[in-house]
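So the sequence shown is numbered by our numbering: it starts at 3 and just counts up by one. Structure first, then comments.
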Amino acid sequence: MRDDERRALESLRFDFAQVPDDVWRTSPYHVDELHAEVMRDIADGIRDAAASRDASPIGVAVQGHKGVGKTHLLGLVRERVQAAGGYFFLVSPHDGDHFWDTVAQSMIEGLLRQAPDAERQLTAFLRRLASAALVLGGVRDAVLDHAPLTPRDLASFVAALRRLNPRLGLECQDTARALVLLNSSTFELQDIGYHYLSSLDEGGHAERSAWGIRSHAKPPKVVVRELSSLLALTGPSVIAVDQIDALVAQAIKAPNRPDGDGEVGENELMLEQIADGLMTLREITRRTLTVVSCLPDTWILIRDKAVATATDRFRPAATLHRIPNAETGRAIIERRFTERYKEIGFDPPYPTWPVAERAFADAVDFTPRALLQRVDAHVRACLRRGTVTELADLLDSAPESVAAPPEPPESALRALDARFAQLRESADVSGALAPATEDGEMPALLSAALTAWIAEQGDAAGEYAQDGPPGHNPALHARLRRTLDERIDDEAHWAFRAIAQTHPRAVQCRIRNATTKAGLRTGDAKRKLVLLRNTPWPSGPVTAQVLEAFRSAGGLVTTVSEGDLRTFAALRTLLSERDEQLLAWLQSRRPAGRSALLSAVLTDAGAAT
3 MRDDERRALE SLRFDFAQVP DDVWRTSPYH VDELHAEVMR DIADGIRDAA ASRDASPIGV
63 AVQGHKGVGK THLLGLVRER VQAAGGYFFL VSPHDGDHFW DTVAQSMIEG LLRQAPDAER
123 QLTAFLRRLA SAALVLGGVR DAVLDHAPLT PRDLASFVAA LRRLNPRLGL ECQDTARALV
183 LLNSSTFELQ DIGYHYLSSL DEGGHAERSA WGIRSHAKPP KVVVRELSSL LALTGPSVIA
243 VDQIDALVAQ AIKAPNRPDG DGEVGENELM LEQIADGLMT LREITRRTLT VVSCLPDTWI
303 LIRDKAVATA TDRFRPAATL HRIPNAETGR AIIERRFTER YKEIGFDPPY PTWPVAERAF
363 ADAVDFTPRA LLQRVDAHVR ACLRRGTVTE LADLLDSAPE SVAAPPEPPE SALRALDARF
423 AQLRESADVS GALAPATEDG EMPALLSAAL TAWIAEQGDA AGEYAQDGPP GHNPALHARL
483 RRTLDERIDD EAHWAFRAIA QTHPRAVQCR IRNATTKAGL RTGDAKRKLV LLRNTPWPSG
543 PVTAQVLEAF RSAGGLVTTV SEGDLRTFAA LRTLLSERDE QLLAWLQSRR PAGRSALLSA
603 VLTDAGAAT
């Protein structure tokens with residue numbers, strides 16, 4: 003194998019197991035022919051929402067088995083609705099009791115998401131609303147955070163909103179004020195808006211009142227309704243509900259413990275709550291298309307358990323199938339290969355090299371994920387044996403295993419030891435432990451640590467994945483996922499959230515939102531949440547109650563040492579440098595696995611050694 007061929011094959015990254023955050027990143031690998039019929043149904047719904055004055059169109063339930071591209075499809079839906087001047091929100095419910103908390107939190111997070119090569123959804127909304135309400139000059143600049151915001155500016159903005167739509171301006175004025183505060187670059191104002199929209203009502207009335215927010219915090223369901231009503235003044239929305247298969251399967255398999263004779267058991271109640279929540283979304287939202295992505299069996303259970311009639315809230319469920327033809331299969335591989343080969347300046351003998359054109363005749367027997375896995379297995383086998391062979395038949399059994407390449411010389415590992423030590427010594431990790439900067443610094447450090455930890459697991463690494471980078475004001479800083487049963491999308495999660503804030507309400511809000519986002523609940527051993535804090539918690543009784551509830555649900559509080567953070571920072575740099583010996587070094591030295599934090603938290607992850 004020539005050096006340029008090896009470099010080309012090593013550049014290929016398939017990422018066939020997508021995570022929910024992938025929907026926020028534009029994929030360069032999209033093939034229009036894949037799932038074109040389903041996309042037409044969804045595009046029709048977006049057009050109906052855009053054309054409506056206020057009513058929401060009938061939702062779309064997208065069914066499909068694992069690997070057909072449901073997460074990728076939702077990314078296309080996001081692009082489509084944002085291109086239409088609308089908004090996109092991704093919801094992943096974790097239980098029935100907190101369905102509306104999850105939807106409200108997902109909408110807040112979604113508003114703070116930045117569209118690729120564009121502004122945040124919240125800023126786009128406020129800009130459009132200011133234009134529609136004829137908000138001009140200094141008030142407009144203050145609302146859009148181009149100038150300092152004053153209570154008088156905010157009052158002028160709300161007055162313009164009430165002239166534009168008297169009913170909504172009256173009913174939703176506190177929510178509108180909170181959105182403007184959330185858009186501010188001043189942390190104190192962000193927190194006031196964030197806490198109000200998060201339905202946190204312990205104290206803080208004086209701070210809110212200073213900005214004209216008179217009401218107590220509203221229940222999450224009301225927050226969802228008011229957010230949707232305000233957004234509808236400027237464009238359509240899509241609420242996409244994903245990652246519910248494992249939850250539904252868990253509800254069905256869990257012991258049904260009725261509270262008394264004739265009472266509904268806990269598992270059945272949870273399923274009914276989820277089903278009713280999905281059906282109610284259309285009733286309380288405005289100009290909003292609801293898209294549910296799930297397995298076929300999951301949709302049948304939801305439809306049958308729904309308290310409300312499902313058929314008048316969702317159109318006949320569209321189904322995603324396998325790759326429709328050889329041309330589409332070839333295009334899926336060609337898009338990925340072309341992008342990677344172009345990046346490194348490699349000119350292949352043909353676009354899909356080393357997968358022969360004739361091999362794609364069998365692509366119709368594969369899902370997109372299965373095709374990527376088959377091609378990935380061939381590429382890895384070529385690299386291991388050091389010889390490029392052409393893949394001419396996709397249905398051939400996967401390449402037989404070959405001997406692993408010899409260990410790199412000790413001198414190469416020692417060179418990486420020295421580089422790692424140098425990076426660790428010079429790392430500045432103070433920002434990860436500071437209240438004002440932890441949301442910007444901690445996610446990248448934890449992501450590097452988890453990336454290295456996954457690589458250290460050797461053959462078991464394929465069972466693991468982590469969420470992508472979070473947006474502004476994230477509920478979580480990182481999450482590790484392990485696939486337990488791919489058929490039903492069953493996973494175990496380890497979520498992380500650092501909290502350096504000192505203000506009691508800020509602390510309480512972060513704990514509650516992290517708990518909701520992580521799906522932490524009593525008795526669920528598959529969901530773990532770790533709070534990282536190096537200083538004492540606020541001493542008030544409300545914070546104590548929130549922490550007690552968190553610990554009772556199985557949450558863990560631990561410190562994170564500066565030494566661990568320095569290790570994570572050094573790993574982040576090493577991963578970006580992509581030394582060809584790095585994988586062998588990681589598996590030999592296991593720096594992430596030896597960190598006090600990860601060794602304590604991930605000992606039950608199933609592959610830690």
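Every residue gets a Cβ at the ideal spot worked out from N, C-alpha and C, and that includes glycine. Just so it is clear, the structure is predicted and the values come from calculations on it, not from any experiment.
Query                                                                                                                       : Result
Own chain partners of alanine 120 with C-beta closer than 8 Å, once the 5 adjacent residues on each side are dropped        : Gln84 and Ala126
Whole-number beta carbon distance between glycine 556 and leucine 522, since they are thought to touch under 8 Å            : 6 Å
Aspartate 441 versus alanine 594: straight-line alpha-carbon distance, rounded                                              : 21 Å
Cβ neighbours of arginine 315 in the same chain (closer than 7 Å, five flanking residues each side left out)                : Ile60, Gly61, Met281 and Arg284
Nearest-angstrom beta carbon gap, leucine 558 and lysine 530 [assumed within contact, 8 Å]                                  : 7 Å
Exposure of serine 495, with buried meaning 16 or more beta-carbon neighbours within 10 Å                                   : A quick correction: the sequence has histidine, not serine, at residue 495. It is buried - the Cβ of histidine 495 has at least 16 other Cβ atoms within 10 Å.
Backbone secondary structure at leucine 202 - three-state DSSP                                                              : coil
The region 326-336 touching the region 360-371, judged by at least three CB pairs closer than 8 Å                           : yes
Buried or exposed by the 16-neighbour rule on C-beta atoms within 10 Å, applied to histidine 74                             : buried
Distance, alanine 454 Cα to glycine 460 Cα                                                                                  : 11 Å
Close Cβ partners of threonine 569 (< 7 Å) along its chain, the five nearest in sequence each way excluded                  : Arg426, Pro593 and Ser597
Straight-line Cα distance separating alanine 63 from aspartate 278                                                          : 15 Å
Endpoints, alpha helix (DSSP H) assigned at alanine 467                                                                     : Note, alanine 467: premise wrong, no alpha helix (DSSP H); beta strand (DSSP E) at 466-468.
Three-way DSSP call (helix, strand, coil) for tyrosine 89 in this model                                                     : strand
Contact set for leucine 146: own chain, Cβ-Cβ below 8 Å, skip 5 residues either direction                                   : Thr125, Leu128, Arg129, Ala132 and Asn185
Exposed unless 16 or more other CB atoms sit within 10 angstroms - verdict on glycine 264                                   : Because glycine 264 carries a pLDDT of 46, less than 50, the predicted location of this residue cannot be relied on, and the following value inherits that uncertainty. Looking at its Cβ environment, which holds fewer than 16 other Cβ atoms inside 10 Å, glycine 264 is exposed.
Short Cβ contact (8 Å threshold) for valine 33 with arginine 337                                                            : yes
Nearest to alanine 248 (by Cα), restricted to the options Met444, Ala423, Leu478 and His96                                  : His96
Three-pair Cβ contact test at 8 Å for the region 492-508 versus the region 431-447                                          : yes
Threonine 188 to threonine 28 span [Cα, whole Å]                                                                            : 30 Å
Alpha-carbon to alpha-carbon, alanine 394 and leucine 374                                                                   : 15 Å
Per DSSP, cross-strand counterpart(s) of glutamine 175                                                                      : Answer by DSSP bridge pairing: none, since glutamine 175 is not bridged.
Coil, strand or helix - lysine 530 by DSSP                                                                                  : strand
Within 8 Å, strictly: CB atoms of serine 101 and glutamine 245                                                              : Here residue 101 is phenylalanine; the residue named in the question, serine, does not match the sequence. The answer is no: Cβ separation not under 8 Å.
CA-to-CA distance, alanine 106 to serine 295, given in whole angstroms                                                      : 19 Å
Boundaries of the alpha helix (DSSP H) in which glycine 47 is found, first to last residue                                  : 38-53
From Arg8, Ser13, Asp491 and His380, residue whose alpha carbon lies closest to that of lysine 344                          : Ser13
Close-in-space but distant-in-sequence residues of the same chain around glycine 433 (CB under 6 Å, 5 per side omitted)     : Thr439 and Glu443
Which of helix, strand or coil DSSP assigns to valine 293                                                                   : strand
Residues of its chain near valine 182, where Cβ-Cβ distance is below 8 Å and the 5 sequence neighbours each way are ignored : Leu128, Val145, Leu151, Leu156, Phe159 and Gly195
Simplified DSSP assignment, three categories, for serine 554                                                                : helix
Interface flag, glutamate 465 vs chain D, CB-CB below 8 Å                                                                   : The structure shown contains no chain D; it holds only a single protein chain.
Histidine 148 vs arginine 507 beta-carbon contact at 8 Å                                                                    : no
Where glycine 214 sits in the DSSP three-state scheme                                                                       : coil
Cβ-heavy atom distance, alanine 208 to the ligand SAM, below 7 Å                                                            : This structure lacks the ligand SAM, and indeed carries no ligand of any kind.
Buried or exposed by the 16-neighbour rule on C-beta atoms within 10 Å, applied to isoleucine 346                           : exposed
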